[in-house]
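From first to last, the protein sequence lines are chains A and B. The first sequence runs 9 to 206 under my numbering. The second sequence runs 9 to 206 under my numbering. Glycine included, C-beta positions come from ideal geometry on N, C-alpha and C. Contents: one structure, followed by commentary.
2 protein chains.
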Amino acid sequence: MNVEPQSLEALIGEFANLPGIGRKTARRLAYHILTRPKEEVAQFASALENASEKVHACPRCFSFTDQDICPICADRIDAHALCVVEKSSDILPFERSGIFKGAYFVLGGVISPLDGIGPEQLHLPLLIKRVKEENIEELVLALGSSPEADSTALMIDRMLDGVNVKRTRLARGIPMGSDLEFVDEITMLRAFEGRVSL
Amino acid sequence: MNVEPQSLEALIGEFANLPGIGRKTARRLAYHILTRPKEEVAQFASALENASEKVHACPRCFSFTDQDICPICADRIDAHALCVVEKSSDILPFERSGIFKGAYFVLGGVISPLDGIGPEQLHLPLLIKRVKEENIEELVLALGSSPEADSTALMIDRMLDGVNVKRTRLARGIPMGSDLEFVDEITMLRAFEGRVSL
């Protein structure tokens with residue numbers, strides 16, 4: 009006998025739509041929701057709607073914001089360095105470390121012909137325009153470490169041929185605190201190629 | 009610089025409140041929500057409120073239902089066998105297998121003095137009352153396999169001293185399809201103790 013009420017089934021389906029959440033976890037989460045006070049669930053529901061309604065892409069850098077312009081763009085309007093990332097959440101580790109004082113630009117992904125993502129699906133034309141029009145001295149290409157990210161960085165580099173802007177990418181090597189024994193081949197290759205004198 | 013809008017932070021906090029969801033997963037889910045169309049998020053939000061409002065405990069068996077009385081209680085009102093489980097979702101594997109045709113009773117947990125859960129925090133008194141008043145012939149105690157579950161089963165057994173009702177519990181042993189090499193000691197102990205003649 010199907011013992012789950014229809015509204016519970018619907019909620020399981022919604023949880024199962026989330027990335028990385030399988031059917032079993034979705035069921036566990038939905039049953040958990042039913043054990044919580046109605047006010048608590050209503051607060052969760054309104055947090056969902058609130059975030060969805062208020063948060064949008066910053067018109068300058070395409071990071072998520074609830075302001076007209078994001079706080080970083082507003083604060084660093086004269087930045088001479090621009091860090092290009094794939095997605096909004098990639099900005100967090102930079103700001104946590106505090107190492108970078110420039111502005112950001114969220115590309116919205118990387119070029120991937122197999123997935124039908126070309127330069128037009130990304131904010132690439134706007135990036136090129138901005139670099140050409142503004143007084144940008146350094147462009148840090150901080151786009152993941154996939155082959156697609158590498159070729160996107162290469163394409164950006166080519167599109168800026170003749171433009172006087174320094175292009176850099178993040179160093180590749182052994183991450184802090186990792187055991188050498190468990191480092192994968194590609195990382196080891198990159199770390200060895202990029203070895204520096206003591 | 010804190011780059012996350014307040015409404016995004018609030019949503020991350022709500023996801024992180026869910027059991028088994030850490031801060032990193034919560035952030036990933038919240039960022040995912042921001043990439044979805046507003047209508048889709050509104051549907052998720054209303055599924056939450058809908059389930060929370062419509063679903064309640066069945067007054068007879070305490071399983072989750074959106075009816076006055078749950079479909080199983082309504083269908084098996086004359087059942088002579090009652091299966092006692094800890095929580096509502098424990099009913100699913102029984103109904104999936106189709107092996108049990110009786111009614112259920114959700115205890116709401118097991119006795120755990122360390123967590124302050126005594127017989128009064130559970131539906132134990134109601135269970136005893138129901139067994140005494142109704143024509144129940146067999147009580148299947150299908151509580152988990154923790155020491156607390158074992159002592160709760162024992163306590164139910166004692167509370168029914170003098171009542172003419174057969175009490176059973178589920179068999180313990182090697183689950184189907186499992187590799188003997190990876191069976192834990194306690195399961196092996198129970199499986200060996202409970203070995204049967206061919």
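Proximity test, Cβ basis, 9 Å: residue i and chain B
| i | result |
| --- | --- |
| residue 159 of chain A | no |
| residue 186 of chain A | no |
| residue 83 of chain A | yes |
| residue 96 of chain A | yes |
| residue 21 of chain A | yes |
| residue 57 of chain A | yes |
| residue 16 of chain A | yes |
| residue 115 of chain A | no |
| residue 49 of chain A | yes |
| residue 26 of chain A | yes |
| residue 156 of chain A | no |
| residue 146 of chain A | no |
| residue 103 of chain A | yes |
Within-9 Å CB hit, residue i to chain A
| i | result |
| --- | --- |
| residue 73 of chain B | yes |
| residue 68 of chain B | no |
| residue 40 of chain B | yes |
| residue 12 of chain B | yes |
| residue 54 of chain B | yes |
| residue 129 of chain B | no |
| residue 62 of chain B | yes |
| residue 78 of chain B | yes |
| residue 6 of chain B | The structure shown does not extend to residue 6 of chain B, since chain B spans only 9 to 206, so no value can be given for it. |
| residue 29 of chain B | yes |
| residue 35 of chain B | yes |
| residue 92 of chain B | no |
| residue 99 of chain B | yes |
| residue 141 of chain B | no |
| residue 201 of chain B | no |
Beta carbon proximity, residue i to chain E, threshold 9 Å
| i | result |
| --- | --- |
| residue 46 of chain A | Of the protein chains in the structure, A and B, none is chain E. |
Check: residue i C-beta below 8 Å from any heavy atom of the ligand NAD
| i | result |
| --- | --- |
| residue 165 of chain B | This structure simply doesn't include the ligand NAD, nor any ligand for that matter. |
Contact under 9 Å by Cβ, residue i with residue j
| i | j | result |
| --- | --- | --- |
| residue 163 of chain A | residue 125 of chain A | no |
| residue 54 of chain A | residue 53 of chain B | yes |
| residue 59 of chain A | residue 49 of chain B | yes |
| residue 136 of chain B | residue 90 of chain B | no |
| residue 146 of chain B | residue 109 of chain B | no |
| residue 80 of chain A | residue 111 of chain A | yes |
| residue 128 of chain A | residue 11 of chain B | no |
| residue 88 of chain A | residue 113 of chain A | no |
| residue 195 of chain A | residue 181 of chain A | yes |
| residue 33 of chain B | residue 28 of chain A | yes |
| residue 70 of chain B | residue 115 of chain B | yes |
| residue 38 of chain B | residue 19 of chain B | yes |
| residue 36 of chain A | residue 97 of chain B | yes |
| residue 165 of chain A | residue 188 of chain A | no |
| residue 151 of chain A | residue 191 of chain A | no |
| residue 26 of chain A | residue 40 of chain B | yes |
Per-residue burial, residue i [other beta carbons within 10 Å of its own, 16 or more giving buried]
| i | result |
| --- | --- |
| residue 82 of chain A | exposed |
| residue 94 of chain B | buried |
| residue 4 of chain A | Within the shown structure, residues of chain A are numbered from 9 to 206, placing residue 4 of chain A beyond reach of any answer. |
| residue 202 of chain B | exposed |
| residue 176 of chain B | exposed |
| residue 13 of chain B | buried |
| residue 193 of chain B | exposed |
| residue 178 of chain B | exposed |
| residue 23 of chain B | buried |
| residue 31 of chain A | exposed |
| residue 106 of chain A | exposed |
| residue 117 of chain A | buried |
| residue 3 of chain A | Residue coverage of chain A in this structure runs from 9 to 206, which leaves residue 3 of chain A outside it and unanswerable. |
Residues sharing a beta bridge with residue i, DSSP
| i | result |
| --- | --- |
| residue 73 of chain A | A:64 |
| residue 93 of chain A | A:114, A:150 |
Legend entry - Secondary structure, beta strand (DSSP E): runs of 3+ residues fully inside the region 101-188 of chain B: For the region 101-188 of chain B, the full-length beta strand (DSSP E) segments reaching 3 residues or more read 111-114, 146-149, 174-177 along the chain.
Inset, instruction - Could I get the ranges of all uninterrupted alpha helix (DSSP H) runs contained in the region 10-35 of chain B, with 4 residues as the minimum, in chain order? - result: Counting only runs of 4 or more residues that sit fully inside the region 10-35 of chain B, the alpha helix (DSSP H) segments are 14-24, in chain order.
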